[in-house]
Structures are given as C-alpha cells and as structure tokens.
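As you go down the protein sequences, you meet chains R and V in turn.
Once you know that position 123 of the first sequence is 123 in this note's numbering, the rest is easy, because the numbers rise by one and skip nothing.
For any residue, its number in this note's numbering is found by taking its place in the second sequence, counting from 1, and adding 1000.
Ideal placement from N, C-alpha and C gives every residue a C-beta, glycine not left out.
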Amino acid sequence: MSAAALTPRVRTIVICDDVSASLTEEGVFTLEGVRYHLTVSSLPWRRGLDLFLLLSSARQGEYSGRVLVISERTDKAVRYVKFLAPFDEDNQLLVMYVELGECVFPHAGQYSIEISFSSGTGSDALKGEHPFFIVLHEE
Amino acid sequence: VSKKTDVPFKIPRLVRVVAEEITDPAERAAIDRLRRRRKRKLAQQRKKS
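Encoded structure:
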C-alpha cells in the first residue's frame, strides 16, 4: 500500500493563536485568533505560528508528521518542523494543537503550510496544504 | 460502489505538542529533494490528463 493510504488523514487545518477545551462539554474546543494572513510593518518578520489539526487514522500507531512553511515566491521552506501523532486505536479521530515555533517571513506574499506523514516503510505523503499570506503595511 | 463501514463515534481528545525544529542540513536537503520530486510527478500527471 502507498504511504498516502497508510498514514493519517488531515481533516482540518486552522492557523490560530490558541485553543481551549470546553469545561462543560467533552470534546468541544474554542479557537482564538483564527487567521489566514498576518499584517506586518517591516520585513523580515518573525512570529510564532500554531496549528489546530483534526486528524484521523484507520490504524493505531504513532505517526511521524512534518510541517513545512513554504514561500510560494521562492518555493523554499522558511520553517521545517516535525511532530508525532499518537493514535491509541484504529479508526480514531485526534485533535492536535501543534506549536510550530518562530517562523521568519522574508517577504510579503503567499506562503503555504504543508503537512506530510511518513509511513513505517520510510515513504512520505503530503496530506494537507493551507495558504497563508503576509501583508506589508508600512506606516 | 464501495460500502462504507459505520465506525462508532468516540470523542476526540486534544493533544498539544511543541513541534521539533529540523535543523540538520542533510535532513532539510532530503526533504527539499522529496518536495521537488513530488512536484515534478504532479506536473507530469497534470500534463497527461
């Protein structure tokens, strides 16, 4: 089977500043500061980015995920990070809040956040993409 | 038509993680190569269809 079939599916990608779990309803979450862009006053601009992800997997196991922040202009990554997604059982949904750390955006324009997972065989599959924009607003 | 199996719903749990930065230049280069290969393959598939 291909890596795409063996690795978790990315059902939801949201860039946001924080997530909190409901105190009264289990499995209900409030997202804060959901964004698709960032307005900056100068470049390069440094800022931490976090992702809210909903993942699913047909098979239990711990999967190695990778997030790249890619400049669409240069087609080069400005941030490379990895994380583990633990699925305790088959057919599980997993809500993850992944802190990517500080990203350095060298220019204004479109960036792409790419999420991929590796299978046990070492092959790799791109499972999700999300656009993100840097808008320069000089005072 | 494939038949979908009905999976019982279980409330998803929230897992917070701090992603680890990939700093090894060799690992980064390997990731870049993989991306370029994937993009080339995708472009070829689009050309064919």
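Cβ contact (3+ pairs, closer than 8 Å) linking the region 117-127 of chain R and the region 3-18 of chain R: Contact check between the region 117-127 of chain R and the region 3-18 of chain R: three or more CB pairs, one atom from each, fall below 8 Å, which counts as touching.
Whole-Å CB distance - Thr39 (chain R) paired with His107 (chain R), under 8 Å assumed: Under the criterion of beta carbons closer than 8 Å, Thr39 (chain R) and His107 (chain R) do not qualify as touching, at roughly 14 Å.
Status (buried if at least 16 other CB within 10 Å, exposed otherwise) for Glu114 (chain R): Buried, because 16 or more other Cβ atoms sit within 10 Å of the Cβ of Glu114 (chain R).
Where Ile1011 (chain V) falls: helix, strand or coil (DSSP): Here Ile1011 (chain V) carries a coil assignment [DSSP, helix/strand/coil].
CB of Phe117 (chain R) within 9 Å of CB of His37 (chain R), strictly: In this structure, His37 (chain R) does not lie closer than 9 Å to Phe117 (chain R) by Cβ.
Distance between Pro1008 (chain V) and Asp50 (chain R) (C-alpha atoms, nearest Å): So the two alpha carbons sit approximately 30 Å from each other.
Closest Cα partner of Leu43 (chain R) within the set R:Gly128, R:Glu129, R:Cys103: Here the closest residue by C-alpha is R:Cys103.
Where Ala21 (chain R) meets chain V, residues with beta-carbon distance less than 8 Å: Ordered by position in chain V, the residues that pass the 8 Å Cβ test against Ala21 (chain R) are Leu1014.
Per-residue burial, Ile1031 (chain V) [other beta carbons within 10 Å of its own, 16 or more giving buried]: By the neighbour-count rule (16 or more Cβ atoms within 10 Å), Ile1031 (chain V) is buried.
Interface partners of Ala1041 (chain V) on chain R, CB under 7 Å: Contrary to the premise, residue 1041 (chain V) reads as Lys rather than Ala in this sequence. The premise fails here: Lys1041 (chain V) is roughly 11 Å from chain R at the closest Cβ pair, so nothing lies under 7 Å.
Proximity test, Cβ basis, 9 Å: Ala77 (chain R) and chain V: At a cut-off of 9 Å between C-beta atoms, Ala77 (chain R) counts as an interface residue with respect to chain V.
Supposed close pair Val34 (chain R), Val10 (chain R) - CB separation, criterion 8 Å: No, Val34 (chain R) and Val10 (chain R) are not in contact; Cβ-Cβ is about 17 Å, not under 8 Å.
Where the beta strand (DSSP E) through Asp50 (chain R) begins and ends: Here the beta strand (DSSP E) through Asp50 (chain R) covers 45-57.
Residue range of the unbroken beta strand (DSSP E) whose run includes Leu31 (chain R): Following the DSSP letters along the chain, one finds Leu31 (chain R) inside the beta strand (DSSP E) bounded by residues 29-32.
Asp124 (chain R) at chain V interface by Cβ criterion, 9 Å: Cβ-Cβ to chain V under 9 Å: yes for Asp124 (chain R).
CB of Leu55 (chain R) within 9 Å of CB of Leu31 (chain R), strictly: No.
Arg66 (chain R), enclosing beta strand (DSSP E) - first and last residue: It spans 61-71 - the beta strand (DSSP E) in which Arg66 (chain R) sits, taken as one unbroken run.
For Pro86 (chain R): DSSP bridge partner residues: Beta-bridge pairing links Pro86 (chain R) to R:Glu62.
Assumed close pair Gly48 (chain R), Glu99 (chain R) - CB separation to whole angstroms, cut-off 8 Å: At roughly 7 Å, the Cβ-Cβ gap stays under 8 Å, so Gly48 (chain R) and Glu99 (chain R) are in contact.
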